[in-house]
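Q:
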């Protein structure tokens, strides 16, 4: 059921969008993982990725937060190990 009241609308800077796109381009990192980490909807990130491919968002100058990038990779590795354990015990 939808919440009553005004709709929440955020505006993100081009730098934030570019950084989010760069994070989602890291190997073994899912769009969902990045979206969850940045508290944004995965569809929004997918849209930003499309805009970046079209050249409307410039990502090459975006600085990656190395701590966030490494945390995303660590979580992805943990998820893979967890799935393997589940398969072994199934």
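Residue numbers (the numbering used here): 581 to 670.
Just so it is clear, CB atoms sit at the ideal spot from N, CA and C, and this is done for glycine as well.
Values in this document were obtained by computation on a predicted structure and should not be read as measured data.
1. In this structure, does DSSP put residue 639 in helix, strand or coil?
2. Where does residue 613 fall in DSSP's three states?
3. So what's residue 607 in DSSP terms, helix, strand or just coil?
4. Once DSSP output is grouped into helix, strand and coil, what is the label at residue 598?
5. Need the endpoints of the alpha helix (DSSP H) that residue 657 sits in, please.
6. DSSP on residue 627, reduced to helix/strand/coil?
7. For residue 652 and residue 632, what's the separation of their Cα atoms in angstroms?
8. Measure how close the beta-carbons of residue 608 and residue 654 come, nearest whole angstrom, since I'm counting them as under 8 angstroms.
A: For this structure:
1. coil
2. helix
3. Residue 607 sits in coil when the DSSP states are folded into three classes, being neither helix nor strand.
4. DSSP, reduced to helix, strand and coil, places residue 598 within a helical segment of the structure shown.
5. 646-668
6. Under the three-state reduction of DSSP, residue 627 is assigned to helix.
7. 21 angstroms
8. With 8 angstroms as the limit, residue 608 and residue 654 do not qualify as a contact, their Cβ atoms being about 11 angstroms apart.
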